[in-house]
Structures are given as C-alpha cells and as structure tokens.
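Asks: For the sequence shown, the numbering used here gives the first residue as 99, with consecutive numbering after it.
Ideal Cβ positions, reconstructed from N, Cα and C, are used throughout, including at glycine.
Since we're looking at a predicted model, the values are computed, not measured.
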Amino acid sequence: MNLVEIEDLKVTFNQFGGTVRAVRGVSLSVAEGESLGIVGESGSGKSTLARLVAGLLSPASGRVTFAGRALEGSYRKRGIADLKAIQMIYQLPDVALNPRQTVGETISRPLSFYRGLKGTALQAELHRLLSLIGLPDEFAERLPDALSGGQKQRVCIARALAAEPDLLICDEVTS
99 MNLVEIEDLK VTFNQFGGTV RAVRGVSLSV AEGESLGIVG ESGSGKSTLA RLVAGLLSPA
159 SGRVTFAGRA LEGSYRKRGI ADLKAIQMIY QLPDVALNPR QTVGETISRP LSFYRGLKGT
219 ALQAELHRLL SLIGLPDEFA ERLPDALSGG QKQRVCIARA LAAEPDLLIC DEVTS
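Rendered as structure tokens:
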C-alpha cells in the first residue's frame with residue numbers, strides 16, 4: 099500500500115486581481131520506506147506541493163490520501179495522529195524557529211505534545227536528538243540567534259524527528 103497518494107492536485111492563488119495556478123494536475127504516490135525527490139525550476143510549485151501535503155495549504159481540487167484515507171486539506175482540521183505522522187523540515191530555518199524559544203524548548207514541544215514525554219524521559223530524548231544532529235547538550239539553552247544557519251537547520255530536523263513521523267517532508271533538502 100502507498101503511504102501517500104496525490105491525485106490530480108491543483109492549487110491556485112488569487113493575486114494581482116487574477117488567479118494564478120501554482121500546481122496543475124499533479125499525481126504521484128510514495129510507498130512506505132520510499133524516498134521521492136521532486137526537481138524543478140524556482141517557482142514550479144515544489145514548495146507549494148510540500149505545504150499542501152503538510153496541510154499548510156488547501157487544494158483547489160484533487161485528492162491527497164495518507165495511509166489509505168483522505169487527508170483534510172487544512173492541518174487545523176486534521177487529527178493529532180495525522181499531525182504527528184506528517185512532519186516538515188522547512189526551507190528557511192530562520193522563519194521556522196521561534197526566536198524566543200531555546201533549542202531545548204523547540205525540540206521538547208513535539209516530544210511532550212505528540213509522545214507525552216515529560217521529566218527525565220523528555221530530557222533523555224532531547225539529549226539523544228541533540229546528539230543525533232551533532233550538537234552538544236549545552237545547545238539546549240541557546241536561542242536561535244546564537245546558532246549558525248546549519249545549526250538552525252539541524253534543530254529543525256531534530257524537531258521534525260521528535261514526533262517520530264511516518265512521512266518526513268523536506269523542502270529544499272539540499273539547502
């Protein structure tokens with residue numbers, strides 16, 4: 099069975115007094131354990147498609163299914179199981195990180211929200227994730243402005259992995 103199926107997906111935006119078609123009739127599927135890379139020029143709709151699967155945008159038409167069932171278009175209408183199962187690593191970590199939250203707070207939120215961890219179990223998993231992304235434990239106390247761009251991106255990766263997702267969407271994975 100496919101983990102994700104997208105059928106005849108169309109996304110439009112109202113801009114400049116007219117309608118702009120951002121995604122035009124995309125269909126694809128991704129099996130469990132499979133990786134899929136989407137390549138295209140800037141402005142071709144790659145990030146729009148990623149945001150749509152994550153529930154940050156709703157389609158004009160078409161269908162997205164996850165694990166055999168239709169996904170709600172907006173993440174606000176999705177259940178917690180779908181939110182946990184589909185995580186996204188954003189292209190721009192500066193925009194994706196809250197400048198007032200420490201690295202530890204950023205990574206701990208999904209640990210407590212999706213996995214119910216607290217206390218020593220939460221701290222142990224936080225430190226495991228920091229180690230996994232190659233950052234020392236003391237980085238848990240740092241704010242994003244004290245990190246390099248690469249370190250910020252690794253924090254975003256750890257935050258996404260903290261939920262133990264079934265689907266990990268990487269927007270501009272090579273950036």
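Please report the Cβ distance between A274 and M186, rounded to the nearest whole angstrom; I am assuming they are in contact, meaning their Cβ atoms lie under 8 Å.
Replies: Residue numbering for the chain in the displayed model covers 99 to 273; residue 274 lies beyond these limits and cannot be assessed.
Asks: Assuming the contact rule is C-beta atoms closer than 8 Å, P242 and K250 should be a hit. Round their C-beta distance to whole Å, please.
Replies: 6 Å
Asks: Report buried or exposed for T117, applying the criterion of at least 16 other Cβ atoms within 10 angstroms of its Cβ.
Replies: exposed
Asks: Using DSSP with H/G/I as helix, E/B as strand and the rest coil, what is K108?
Replies: strand
Asks: Look at L215 and A238 and say whether their C-beta atoms are less than 8 Å apart.
Replies: no
Asks: Would you tell me roughly how many angstroms separate the C-alpha atoms of S206 and L154, rounded to the nearest one?
Replies: Computed Cα separation, rounded: 22 Å.
Asks: Could you pull out every residue in the same chain whose Cβ sits closer than 8 Å to the Cβ of L107, ignoring the five residues on either side in sequence?
Replies: V121, G123, V124, S125, L147, L150, P157, S159, G160, R161 and V162
Asks: Could you check which residue in L245, E130 and N112 has the C-alpha nearest to that of N196?
Replies: Comparing Cα positions, the closest option is L245.
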